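As structure tokens, the structure follows; a few thoughts come after it.
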Amino acid sequence: MLASLSLPAQAVTLLVVPGRHWSRDDLVWLRGLQQVGHPLAGHGWIHQCQPPVTLYHKLHSALLSRQVAEHLSFSADGVIQLMNDCHGWFAEQGLSVSPLYVPPAWALGSLRPEHYHQLPFRYLETLAGVLDTQSGTLTRLPLVGFEADTVFRAWFLKLFNGYNVARAKAQQMPVRIGLHPFDLSSHLASQIPNLIARVTEFHDYAALGDPEWLPRQLL
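Numbering of the sequence shown is given in numbering that gives the first Met the number 0, commencing with residue 0 and proceeding in unit increments.
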């Protein structure tokens, strides 16, 4: 996918799942991607959750996440431990880690504002936007995704993406483009290059620390 899209490395943050049994060759490859400029962000631990129990988790799985919303399987203490393990893995492998953490399926789970000071990552990405755990502010940013492996999910994401692109245009806001490894073979694959061709400027997640960059909402 990276070769197909031909985007600037600094503009493409790669999400890394530490618990997926990385081989020595895999780690060499990952270091190479970082060396050419790709930021590496934490993304859960194994990218898999227990079977849904609550109604919320069942709906989340059906519409968005399947069985990957890992945080929804844990208490707040469990999520904090998972995130600390994720952050520590990068240092163990000699990799720099982005201040950004993206929960699998953008589901924070049981985390609340009183837990933020225990987290090793400054920024948490959610469906609504990017949360700054230091200031407690949320930068609202529209999101589009293309993981449409069924006709139903393609229909849902087409509506979801259309709404968010229109919202971004109306409010003159950047759009987050979330891509998964096999999205170029999904039901919405043809929409990906068309959307990327409309991009006129890339923003760095690190710029979220600039108070002048975008209006924020205090949580």
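Ideal Cβ placement from N, Cα and C applies to all residues, glycine included. Model, not experiment: these values are computed from the prediction.
Helix, strand or coil at residue i according to DSSP, with G and I counted as helix
i, result
"residue 161", "helix"
"residue 197", "coil"
"residue 36", "coil"
"residue 19", "coil"
"residue 131", "strand"
"residue 45", "coil"
"residue 143", "strand"
"residue 110", "coil"
"residue 175", "strand"
"residue 94", "coil"
"residue 13", "strand"
"residue 187", "coil"
"residue 137", "strand"
"residue 238", "There is no way to answer for residue 238, as the model of the chain reaches only from 0 to 218."
"residue 181", "coil"
"residue 82", "helix"
"residue 25", "helix"
"residue 217", "Residue confidence is low: residue 217 scores 40 on pLDDT, short of 50, so the model does not pin down where it sits. No coordinate-derived value is stated."
"residue 3", "helix"
"residue 202", "coil"
"residue 148", "coil"
Cβ pair residue i, residue j closer than 9 Å
i, j, result
"residue 15", "residue 29", "yes"
"residue 144", "residue 123", "no"
"residue 107", "residue 78", "yes"
"residue 147", "residue 186", "yes"
"residue 141", "residue 197", "no"
"residue 119", "residue 87", "yes"
"residue 203", "residue 9", "yes"
"residue 12", "residue 71", "no"
"residue 7", "residue 201", "yes"
"residue 191", "residue 26", "no"
Cross-strand partners of residue i (DSSP beta bridge)
i, result
"residue 99", "122"
Residue i CB to nearest heavy atom of the ligand ZN below 8 Å
i, result
"residue 192", "Summarising the ligand content, the structure contains no ligands, and the ligand ZN is consequently not present."
* **Three or more C-beta pairs below 8 Å linking the segment 108-117 and the segment 32-47** => no
* Evaluate the contact criterion for the segment 74-89 versus the segment 163-171: three or more CB pairs, one atom per stretch, below 8 Å. => no
* Asked: Does the segment 123-139 touch the segment 151-160, meaning 3 or more C-beta pairs lie closer than 8 Å?
  -> no
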